[in-house]
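Residues in the sequence shown are numbered from 101 upward in steps of one, following the numbering used here. Glycine included, each C-beta is placed from N, C-alpha and C at the ideal position. These figures come from a predicted structure and were not determined experimentally. Contents: one structure, followed by commentary.
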Amino acid sequence: MSLNHILSAAPGVVENATDYLPIALQIIFAIGFVALMIFVSSLLGPKRKTNDKLANFTSGITTHGNARQPMAIKYFLIAILFVLFDVEVIFFYPYAVNFKSLSWTGFIEILLFVGLFLIGFVYIIKKRALQWED
101 MSLNHILSAA PGVVENATDY LPIALQIIFA IGFVALMIFV SSLLGPKRKT
151 NDKLANFTSG ITTHGNARQP MAIKYFLIAI LFVLFDVEVI FFYPYAVNFK
201 SLSWTGFIEI LLFVGLFLIG FVYIIKKRAL QWED
């Protein structure tokens, strides 16, 4: 049995490129509409360039020092570890939704998943990555 025979027998298979024409037209219309709105707003919008508007926004806080000073890597490390363990929680949702249908096999797999992350968490604790003091 050839691939063409299988594809032609499958329901809903796109036969030619003209089936994509409505999608292409919608994308072109959307891009054109956005470009038109940006162009019209730049023509009709106010153009008052004062020193206050051209100044950098500092939230009312006076600036001091150099913005290029080195920053402690601990901030970035904590942020990355938070994202890592936060994403772990996201993977619990499909398990919770399919809890009954996964039975003991799913339970063992989720225990393996949690175990691997606990090993990573113990490694982070041993490396003292979460301690602020040096």
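DSSP three-state assignment for residue i, whether helix, strand or coil
i	result
Ser-142	helix
Ile-210	helix
Ser-236	This structure gives no information on residue 236, because the portion of the chain shown stretches from 101 to 234.
Ile-161	coil
Thr-150	coil
Ala-172	coil
Lys-229	The residue you asked about is not Lys; residue 229 is Ala in the sequence shown. It is coil, neither helix nor strand.
Phe-191	coil
Ala-167	coil
Ala-155	coil
Identity of the residue in the options nearest residue i by Cα
i	options	result
Ile-178	Ile-210, Ala-229, Ala-130 and Gly-206	Ala-229
Trp-232	Ala-155, Tyr-120, Tyr-195 and Ala-172	Ala-172
Anticipated Cβ contact below 8 Å, residue i with residue j, distance rounded
i	j	result
Phe-213	Phe-191	7 Å
Gly-206	Tyr-193	Going by Cβ atoms, the distance from Gly-206 to Tyr-193 rounds to 13 Å, so no, they are not a contact pair.
Ile-224	Leu-181	6 Å
Glu-188	Phe-217	5 Å
Short CB-CB distance (under 8 Å) between residue i and chain C
i	result
Leu-125	No chain C appears in this structure, which consists of one protein chain only.
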